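*Asks:* In the working numbering, the protein residues as written are 3 to 454. The C-beta atom is built at its ideal place from N, Cα and C for all residues, glycine as well. On a predicted model such as this, the values are computed, not experimentally measured, just so you know.
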């Protein structure tokens with residue numbers, strides 16, 4: 003019985019801590035680690051006494067504890083699996099590749115005979131310069147000018163197409179606002195209907211490039227819900243743990259040591275991604291490299307100079323209100339971006355194509371007011387305004403629209419460098435909440451008005 007109760011306490015610690023978080027009696031907040039540990043200790047002692055007094059009931063009690071432990075672990079695990087099924091937008095099979103996009107144009111980019119490597123670097127939650135200046139009191143001009151001095155073009159009025167990563171990135175990599183068959187999906191469709199209507203041949207930019215001899219390289223975690231593993235030629239893994247391991251750590255008593263486990267692993271993921279990107283130019287043949295780096299998005303793991311910061315909460319859902327932490331992490335990311343870009347440019351021949359882009363902006367106003375369902379114009383403007391920088395050789399950036407959105411990024415690139423007959427779509431932005439992700443509101447004009 004003691005073993006069963008110990009296992010129950012071990013596996014349920016994180017779930018119980020989440021359940022009692024913020025509980026209080028009067029002015030005393032009891033939903034804290036110290037009180038939970040005391041309660042667990044008392045429960046363990048009570049179990050020891052009961053194991054002596056009620057020996058005959060021990061098998062049934064042990065079975066009940068084991069079942070309870072499994073249920074406590076099953077709930078977050080089931081949520082994670084459901085999330086993967088819901089958002090897994092790019093894991094088709096190789097035989098799903100269909101030629102449904104223009105095939106005009108040669109395998110080379112531009113006038114040269116050698117194809118250029120292409121890098122698509124997503125910096126999660128990286129806000130636009132005017133947002134950083136107004137809300138975070140941070141002047142990002144030196145970083146933007148440093149990119150310009152290296153040949154980048156900055157789309158300084160760019161916005162995200164969607165407010166949520168799992169909608170924004172699919173739109174960008176499929177070059178469409180809706181990466182499902184809109185003709186069979188009603189406007190009030192459920193997530194399941196959207197999932198069933200998904201096209202098998204997702205990740206259009208990869209299909210387009212593979213038809214032209216490119217290898218697809220993915221840099222990132224072992225398994226990420228927003229990163230396609232379809233058609234991958236090489237996976238460069240960063241980090242030791244996958245999301246299932248994170249669930250177990252956060253649900254169990256190992257959460258007491260989450261900085262050692264989760265914190266260090268998240269830092270490793272970020273640093274590894276920047277480091278491994280510099281190895282791509284040495285790979286043979288033309289490559290398309292995709293990486294989604296979860297930074298400067300919280301949790302805040304680095305200060306402005308790259309020193310380790312121990313976060314109070316290792317959650318992607320919290321932390322936006324800490325504007326100082328976000329500002330510091332932006333500065334750290336800036337340094338790593340410039341170092342990585344310099345290494346790539348120095349080792350590349352011919353010059354590569356590089357896109358550095360936020361999937362969405364920051365969310366301090368949304369978190370402060372808890373108004374995802376009814377956001378203010380300023381909160382929408384903050385969330386939808388993004389960094390969007392392009393290294394486009396041979397004057398490719400001269401005609402880049404300052405308002406270009408991610409859905410048009412590769413339409414513009416493929417038209418310019420591959421002579422492919424892609425037309426630019428109208429740049430629009432759609433806001434939705436995590437609660438109702440498919441209930442879209444067109445906020446294009448709201449953003450433009452709020453940014454004036």
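Apart from the five residues on each side of it in sequence, which residues of its chain come closer than 7 angstroms, Cβ to Cβ, to residue 174?
*Replies:* In the chain shown, the residue the question calls residue 174 occupies position 172. Hits under 7 angstroms: 408, 409, 411.
*Asks:* Return the Cβ separation of residue 374 and residue 368 in integer angstroms, given the expectation that the two are a contact with Cβ distance under 8 angstroms.
*Replies:* Your numbering for residue 374 matches position 372 in the chain shown. Your numbering for residue 368 matches position 366 in the chain shown. Yes, they are in contact, since the Cβ atoms of residue 374 and residue 368 sit about 6 angstroms apart, within 8 angstroms.
*Asks:* Go ahead and pull the three-state DSSP assignment for residue 218.
*Replies:* If you number the chain shown from 1, residue 218 lands on position 216. If DSSP states are grouped into helix, strand and coil, residue 218 belongs with the strands.
*Asks:* When the distance is taken between beta carbons, is residue 406 closer than 8 angstroms to residue 1?
*Replies:* For residue 1 there is no data in the structure shown, the boundaries of the chain being 3 and 454.
*Asks:* Distance, Cα to Cα, residue 371 vs residue 295?
*Replies:* In the chain shown, the residue the question calls residue 371 occupies position 369. In the chain shown, the residue the question calls residue 295 occupies position 293. The straight-line gap from Cα to Cα measures roughly 27 angstroms.
*Asks:* Measure how close the beta-carbons of residue 392 and residue 210 come, nearest whole angstrom, since I'm counting them as under 8 angstroms.
*Replies:* Numbered from 1 along the chain shown, position 390 holds the residue referred to as residue 392. Numbered from 1 along the chain shown, position 208 holds the residue referred to as residue 210. So it is not a contact: roughly 18 angstroms between Cβ atoms.
*Asks:* Among residues of its own chain, excluding the 5 on either side of residue 444, which ones have a beta-carbon nearer than 7 angstroms to its beta-carbon?
*Replies:* Translated into the one-based positions of the chain shown, residue 444 becomes position 442. So the qualifying residues of the chain are 430, 432.
*Asks:* So what's residue 378 in DSSP terms, helix, strand or just coil?
*Replies:* What you label residue 378 is simply residue 376 of the chain shown in a count that begins at 1. Coil.
*Asks:* Taking DSSP's pairing of strands, which residues face residue 443 in a bridge?
*Replies:* Along the chain shown, read from residue 1 onward, the residue named residue 443 stands at position 441. Partner(s): 433.
*Asks:* Could you spell out where the alpha helix (DSSP H) holding residue 159 opens and where it closes?
*Replies:* The residue labelled residue 159 in the question sits at position 157 within the chain shown. Segment: none, residue 159 is in no alpha helix (DSSP H) and carries neither H nor E.
*Asks:* Report the residue from 289, 357, 159, 345 whose alpha carbon sits nearest the alpha carbon of residue 117.
*Replies:* Numbered from its first residue, the chain shown carries residue 117 at position 115. Checking every option, the nearest Cα to that of residue 117 belongs to 289.
*Asks:* Sorted by chain position, which residues of the same chain lie with C-beta nearer than 8 angstroms to residue 215's C-beta, five sequence neighbours on each side aside?
*Replies:* Looking up residue 215 in the chain shown gives position 213. Closer than 8 angstroms at the Cβ level, and outside the excluded window around residue 215, lie 109, 117, 287, 288.
*Asks:* Compare the Cα-Cα distances from residue 324 to each of 423, 422, 386, 364 and report the closest residue.
*Replies:* Walking along the chain shown from the start, residue 324 turns up at place 322. Checking every option, the nearest Cα to that of residue 324 belongs to 364.
*Asks:* Could you pull out every residue in the same chain whose Cβ sits closer than 6 angstroms to the Cβ of residue 424, ignoring the five residues on either side in sequence?
*Replies:* Along the chain shown, read from residue 1 onward, the residue named residue 424 stands at position 422. If we look at residue 424 and ignore the five residues flanking it on each side, its Cβ neighbours are 413, 416, 417.
*Asks:* So, using beta-carbon positions, are residue 169 and residue 360 closer together than 8 angstroms?
*Replies:* As a first step, residue 169 must be located in the chain shown, where it is residue number 167. As a first step, residue 360 must be located in the chain shown, where it is residue number 358. No, they are not a contact pair.
*Asks:* Can the beta-carbon of residue 179 be found closer than 8 angstroms to that of residue 427?
*Replies:* For the purposes of this step, residue 179 is taken as residue 177 along the chain shown, with counting starting at 1. For the purposes of this step, residue 427 is taken as residue 425 along the chain shown, with counting starting at 1. Going by C-beta atoms, residue 179 is nearer than 8 angstroms to residue 427.
*Asks:* One question on the structure: do residue 394 and residue 355 come within less than 8 angstroms of each other, judged by their Cβ atoms?
*Replies:* Locating residue 394 in the chain shown gives position 392, where the first residue counts as 1. Locating residue 355 in the chain shown gives position 353, where the first residue counts as 1. Cβ atoms of residue 394 and residue 355: closer than 8 angstroms.
*Asks:* Should residue 236 be labelled buried (16 or more other beta-carbon atoms within 10 Å of its own) or exposed?
*Replies:* Here the question's residue 236 lines up with position 234 in the chain shown. By the 10 Å Cβ count, residue 236 comes out exposed.
*Asks:* I need the straight-line Cα distance from residue 352 to residue 378, nearest angstrom please.
*Replies:* Here residue 352 is taken as the residue at index 350 of the chain shown, counted from 1. Here residue 378 is taken as the residue at index 376 of the chain shown, counted from 1. Cα-Cα distance, rounded: 46 angstroms.
*Asks:* Please return the same chain residues whose Cβ sits closer than 6 angstroms to the Cβ of residue 327, not counting the five positions on each side in sequence.
*Replies:* To locate residue 327, count along the chain shown from 1; it is residue 325. If we look at residue 327 and ignore the five residues flanking it on each side, its Cβ neighbours are 302.
*Asks:* Taking the alpha carbon of residue 381 as the point to measure from, which residue in 123, 129, 121 has its own alpha carbon closest?
*Replies:* By 1-based counting over the chain shown, the position of residue 381 is 379. The residue with the shortest Cα to Cα distance from residue 381 is 129.
*Asks:* With DSSP as the reference, please indicate the residues paired to residue 290 in a beta bridge.
*Replies:* If you number the chain shown from 1, residue 290 lands on position 288. Bridge partners of residue 290: 120, 218.
*Asks:* I'd like to check one pair, residue 157 with residue 404: are the Cβ atoms closer than 8 angstroms?
*Replies:* Mapped onto the chain shown, residue 404 falls at position 402. Mapped onto the chain shown, residue 157 falls at position 155. Result yes, Cβ atoms of residue 404 and residue 157 sit closer than 8 angstroms.
*Asks:* Would DSSP call residue 304 helix, strand or coil?
*Replies:* The count along the chain shown starts at 1 and reaches residue 304 at position 302. In this structure, residue 304 counts as strand in the three-state DSSP scheme.
*Asks:* Buried or exposed: where does residue 401 fall if 16 or more other Cβ atoms within 10 Å of its Cβ makes it buried?
*Replies:* For the purposes of this step, residue 401 is taken as the residue at position 399 of the chain shown. Burial call: exposed.
*Asks:* Kindly indicate which three-state DSSP category residue 130 falls into: helix, strand or coil?
*Replies:* One-based indexing of the chain shown puts residue 130 at position 128. Shown here, residue 130 sits in coil according to DSSP, grouped into three states, outside any helix or strand.
*Asks:* For residue 407, which of helix, strand or coil comes out of DSSP?
*Replies:* Locating residue 407 in the chain shown gives position 405, counting from the first residue. Residue 407 falls in the coil class under three-state DSSP.
*Asks:* Mapping the DSSP letters down to three states, classify residue 266 as helix, strand or coil.
*Replies:* Within the chain shown, the letter at position 264 stands for residue 266. Helix at residue 266.
*Asks:* Which residues in the same chain have their Cβ closer than 6 angstroms to the Cβ of residue 399, if we skip the five residues on either side of it in sequence?
*Replies:* By one-based count along the chain shown, residue 399 stands at place 397. So the qualifying residues of the chain are 155, 392.
*Asks:* First and last residue of the beta strand (DSSP E) that includes residue 357?
*Replies:* Counting from one through the chain shown, the residue named residue 357 turns up at place 355. Per DSSP, residue 357 belongs to the beta strand (DSSP E) from 355-359.
*Asks:* Looking only at its own chain, which residues have a Cβ that is under 7 angstroms from the Cβ of residue 161, when we skip the five neighbours before and after it?
*Replies:* On the chain shown, residue 161 is found 159 positions in, with the first residue counted as 1. Excluding sequence neighbours, residue 161 sits near 386, 387, 388, 407, 431, 449.
*Asks:* Please report the distance separating the alpha-carbon of residue 136 from that of residue 212.
*Replies:* Locating residue 136 in the chain shown gives position 134, where the first residue counts as 1. Locating residue 212 in the chain shown gives position 210, where the first residue counts as 1. Roughly 42 angstroms between the two C-alpha positions.
*Asks:* Going by the CB atoms, is the gap between residue 336 and residue 145 shorter than 8 angstroms?
*Replies:* Locating residue 145 in the chain shown gives position 143, counting from the first residue. Locating residue 336 in the chain shown gives position 334, counting from the first residue. Contact: yes.
*Asks:* Given a threshold of 16 other Cβ atoms within 10 Å of its Cβ, counted over all protein chains shown, does residue 437 qualify as buried or as exposed?
*Replies:* Taking the first residue of the chain shown as position 1, residue 437 is located at position 435. Residue 437 should be labelled exposed.
*Asks:* Quick check on the DSSP output: the alpha helix (DSSP H) that includes residue 176 runs from which residue to which?
*Replies:* Along the chain shown, one-based indexing puts residue 176 at 174. Here the alpha helix (DSSP H) through residue 176 covers 167-176.
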